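Participant:
Residue numbers (our numbering): 153 to 1201.
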């Protein structure tokens, strides 16, 4: 396609050169009505060598005209005026004619039409005159057929050569040509504007600076053609401004500069044409300098115009050379650039040569530059599209290569990540195993330290030794808390931290925490305040984890508070579907937390700053664990704090309410009770007043000694509070209270009991209680201790027992542990109980003992050398004597997975190390309730409380199990009797074993004990003793049947 365009160039040049007219006469005969007659070759001319001539002066010098002997109507550049003359014979039948001069850049064009009758038609046109009505100078006139017409033209121009291609034609021919000219130039301008708008839209997508340069180039071309083509003459009807007429070369300079910038940006000459790049920039520079010079009349117009033409031509050649260099450097879009500039350079050379007279001035040479520019602009647009496509293709290739390289990198990274993942899993397993071992290794000695430490603390030591033991116990307890925090955080990281829901009393949990934490607060001379609203009696949640959250938050409050108080505020709200929202706030008057430091609070192993860490110490895990636990309980935790004032942690957890119909209230209620409380601490006073009023009492709060002395009535109770932060001395308060008449006086203290330190106060006060006040303690005082005759007493009276060990059943217990100190601790704890303790120091020894004796309960250490606890338990399960004996795993492994593994291996329960006496007693009671091998069985046949405890206080389930067991008894008794009749001891053992298992869940302790006794005798081959126990078993079955039927009915 490009080759065809090149061929067109040569055809155009050839036609331009061949379009020259032969020399002719100085007159023209017009006879063809449709013909357009050229007049340039028939002119006679006269130069105004001595100044401007008038028409009359010119006529007086008619003899000086010279025939024009050149075939080119170009008289060159000159400041002199030029007169042209030709005679036209009208041999046609037309009388309306037009004479046109088809070059629009002449400054002055004066038409004189002289007819035979002597009349003259005059028209002064050109760029500097105002009578031109067309884009080219043209005059319309009339002439009778057969007349001769003398046409005189005067032309003068400083801004352009005197090119005078003049034509004579009829009006119709001229009108048709004018209309065709308008259409052609309208299409020219329209096409350029469309290209500009299209590329402007293209720029918003690709953002290439070359497109903006191209649009600027189109703008200069349109402006240039508008001026050079004469269309501007249609706007300036009075003639163009003189400065503009004298400086039309500026348009060529703008075209050269804009095309130069397009060349630089489109070809990216610094990269694709580095050699020609400098030449292009120099050309642009010279064009710019020439534009500055041409703006002022420093040089003659002739020289100025020649400089513009020659420098413009040289610049065009440098642009083309840059295109060739870029093309040879494999920039493919440069081919369009080269062909486009070939068109414009060809047209430029033809036009320039026409202007300077080298080529004839005709329609082709005059307009070839416009045609070249049009095709150049069109090809530039194709070039931009080609460049865009090329860049897009390059981008696609680069993206493909990058993707291929990235895929290789990703595959390599995936392989590394897979290796790293496997290493991480392996490291995680190693870490988990290390934590498990660390837990075991630390908890095992802690078991002995804490156990014997408690024994020593209660051993009646001297004061100094007693304080030393307390320090040891405190340090050991702190160490246990740290271990627990680290292990809980490990569970959080592994996503294995869970909550275990079960029924409990929220008030009991809060009061238990208050009792523990208040001692620490009082030891630091802080006030601990408990503010409780009525709570649900029972909820289903994880009480252990709730205590852990409370311990962390209250512990932090106590740790970071050096003076003032710590307040625990609790409340609850009913929600739909039996959901309870439990709220508690922990407020302190400590150091507070800045806005910046709050971001660190819930980050692992962090505290607010290094100085805090040094002052208070700690793992920095408490809040992280608390936050995770609160989330697991479907709750939230919020913080409000002001540095130097204090901090409040607000927690909300969701739980299930067991009895959805009951309202929130305390389990105690009194009436007709008047209470006066003296408490100088406002928060404590308000909290106590609220709790007493919720219990049903009428309360009069007093805050000053003056108000206390004004009390005239005799209340039921006078409660005197002695907080650490009080403006009054304890002696003054006690003496003032002695003057108040009340039925009962109670003093609430923080550290030292004033009734013990000042003996005469005992006579005036009935009771002393350590702060803080709680609903249960307030109700205990009002309803039981000091008002035994109250009709509203609802508090269960606790059993007065000397030691919890005394309530344990007389069972045979086997304890297995490879560490003698742990067994010694058990011996110390249980020596005062009725339990018969047997100790085994290895798994093998435990298995041997189980082959010889029957045990009611086995405490089995898990991690032991040679035969561990799991292997020993599996071996014991195969021994007839202890096949059904409950085995309790005693483990220092804290992970739930390990605990689940122990339960699935055949063990029945587990106790975590370090052991606590309370947990041990609870476990023994849970698994051995009703067993008493040394005493005569005196229990009731039906123990309804035991049945409820077996079903987590679910009445409906307990009744159903009892009903099913009642229907099972007849067939069980029949099967036992048949086995005895047939002397089938194996069948007898199986039936008794099934009866024993069924009785464990129905509140039948007598049947459970007798069935177990019969089974043991059969296992020990004591068949006669076993049969001798059967009558008692039958009686127990009958008793259970009668009592359970009455209960169920």
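For glycine and all other residues, C-beta sits at the position ideal for the given N, C-alpha and C.
Everything numeric in this text was worked out from a predicted model, so none of it was measured.
Does the segment 303 to 319 come close enough to the segment 229 to 241 that 3 or more CB-CB pairs lie under 8 Å?
Facilitator: Yes: at least three Cβ pairs fall under 8 Å.
Participant: Could you check how far apart the C-beta atoms of residue 567 and residue 601 are, in whole angstroms? I think they sit under 8 Å.
Facilitator: That pair is no contact at about 50 Å.
Participant: Any idea what DSSP makes of residue 938, helix, strand or coil?
Facilitator: Legend: pLDDT at residue 938 = 49, less than 50; position of this residue unreliable, no value from coordinates given.
Participant: Rank 1151, 714, 1178 and 1069 by C-alpha distance to the C-alpha of residue 606 and give the top, closest one.
Facilitator: If we check each option's Cα against that of residue 606, 1069 comes out closest.
Participant: Helix, strand or coil for residue 276, going by three-state DSSP, please let me know.
Facilitator: DSSP places residue 276 in strand when its eight states are reduced to three.
Participant: Could you name each continuous beta strand (DSSP E) segment of 3 residues or more that falls completely within the segment 984 to 1038, going from the start of the chain to the end?
Facilitator: Fully enclosed beta strand (DSSP E) runs of 3 or longer: 988 to 992 and 1009 to 1013.
Participant: Taking the C-alpha atoms as reference points, what is the distance between residue 366 and residue 246?
Facilitator: Answer to the nearest angstrom: the Cα atoms are 50 Å apart.
Participant: Whole angstroms is fine: what's the gap from residue 211's alpha carbon to residue 224's?
Facilitator: One C-alpha to the other measures close to 25 Å.
Participant: Can you tell me the Cα-Cα spacing of residue 1128 and residue 1140, whole angstroms?
Facilitator: Spanning the two alpha carbons is a distance of roughly 6 Å.
Participant: To the nearest angstrom, how far is the alpha carbon of residue 775 from that of residue 878?
Facilitator: Distance between the alpha carbons of residue 775 and residue 878 is about 32 Å.
Participant: Residue 798 bridges to which residues according to DSSP?
Facilitator: Looking at the DSSP assignment, residue 798 forms a beta bridge with 794.
Participant: In the DSSP output, what is residue 966 paired with across the bridge?
Facilitator: According to DSSP, which records beta bridges pairwise, residue 966 is partnered with 990 and 1010.
Participant: Under the rule that 16 or more other beta-carbon atoms within 10 Å means buried, what is residue 457, buried or exposed?
Facilitator: Its Cβ being crowded by 16 or more others within 10 Å, residue 457 is buried.
Participant: Assign residue 979 to one of three DSSP states: helix, strand, or coil.
Facilitator: Helix at residue 979.
Participant: Compare the Cα-Cα distances from residue 848 to each of 738, 934 and 872 and report the closest residue.
Facilitator: The residue with the shortest Cα to Cα distance from residue 848 is 934.
Participant: Measure the C-alpha to C-alpha separation of residue 728 and residue 796 and round it to an integer number of angstroms.
Facilitator: Cα to Cα, residue 728 sits roughly 41 Å from residue 796.
Participant: Keeping to the same chain, check which residues put their C-beta closer than 8 Å to that of residue 196; ignore five residues upstream and five downstream.
Facilitator: Taken in chain order, the residues that qualify are 178, 217, 218, 219, 220, 236, 237 and 238.
Participant: Looking only at C-alpha atoms, which of 799, 807 and 671 sits nearest to residue 734?
Facilitator: The shortest Cα separation from residue 734 among 799, 807 and 671 belongs to 807.
Participant: Between which residues of its own chain and residue 746 is the CB-CB distance below 6 Å, once the five residues before and five after are set aside?
Facilitator: Excluding sequence neighbours, residue 746 sits near 795.
Participant: What separation, rounded to the nearest whole angstrom, lies between the Cα atoms of residue 447 and residue 260?
Facilitator: Taking the straight line joining both Cα atoms gives about 22 Å.
Participant: Between the segment 324 to 344 and the segment 194 to 208, are three or more C-beta pairs nearer than 8 Å?
Facilitator: With the cut-off at 8 Å, the segment 324 to 344 and the segment 194 to 208 do not touch.
Participant: Could you say which of 1192, 876, 321 and 418 lies nearest to residue 900 if we only look at CA atoms?
Facilitator: Answer by Cα proximity: 876.
Participant: Apart from the five residues just before and just after residue 1165, which ones in its own chain have a Cβ nearer than 7 Å to its Cβ?
Facilitator: Answer for residue 1165: 1181, listed in chain order.
Participant: Going by the beta-carbon positions, is the gap between residue 376 and residue 407 smaller than 8 Å?
Facilitator: Yes, Cβ-Cβ distance for residue 376 and residue 407 is below 8 Å.
Participant: Let me know the alpha helix (DSSP H) ranges lying completely inside the segment 1087 to 1175, each 4 residues or longer, listed in chain order.
Facilitator: As far as the segment 1087 to 1175 is concerned, its whole alpha helix (DSSP H) runs of at least 4 residues are 1096 to 1102, 1107 to 1133, 1137 to 1151 and 1157 to 1171.
Participant: Could you please give me the residues that DSSP links to residue 1062 through a beta bridge?
Facilitator: Beta-bridge pairing links residue 1062 to 1041.
Participant: Determine, using beta-carbon pairs with one atom in the segment 320 to 339 and one in the segment 260 to 280, whether at least three such pairs fall under 8 Å.
Facilitator: As far as the Cβ criterion goes, the segment 320 to 339 does not touch the segment 260 to 280, which means the pair count is below three.
Participant: Taking the C-alpha atoms as reference points, what is the distance between residue 944 and residue 871?
Facilitator: The predicted model places residue 944 with a pLDDT of 36, which falls under 50 and marks its position as unreliable; any figure quoted below should be read in that light. Cα-Cα distance, rounded: 20 Å.
Participant: Does DSSP put residue 203 in a helix, a strand or coil?
Facilitator: Residue 203: coil per DSSP, three-state reduction.
Participant: Which runs of the alpha helix (DSSP H) fall wholly inside the segment 415 to 487 and span at least 4 residues, in chain order?
Facilitator: Listed in chain order, the complete alpha helix (DSSP H) runs (minimum 4 residues) inside the segment 415 to 487 are 421 to 424, 426 to 446 and 453 to 480.
Participant: Kindly list the residues whose CB is nearer than 8 Å to the CB of residue 363, restricted to its own chain and excluding five residues on each side of it in sequence; keep chain order.
Facilitator: Cβ within range, chain order: 351, 352, 354, 355 and 536.
Participant: According to DSSP, is residue 769 part of a helix, a strand, or is it coil?
Facilitator: Confidence at residue 769 is low in this model, with a pLDDT of 49, below 50, so the placement of that residue is unreliable and no value is reported for it.
Participant: Name the two residues that bound the continuous beta strand (DSSP E) containing residue 322.
Facilitator: 318 to 322 is the span of the beta strand (DSSP E), which, as asked, contains residue 322.
Participant: With the cut-off set at 8 Å, would you say residue 692 and residue 810 are in Cβ contact?
Facilitator: Their beta carbons are under 8 Å apart, which means residue 692 touches residue 810 by this criterion.
Participant: Of the residues 909, 904, 915 and 785, which one's Cα is nearest the Cα of residue 889?
Facilitator: It is 915 whose Cα lies nearest to the Cα of residue 889.
Participant: In the structure shown, what three-state DSSP assignment does residue 382 receive?
Facilitator: Reduced to three states, the DSSP call for residue 382 is coil.
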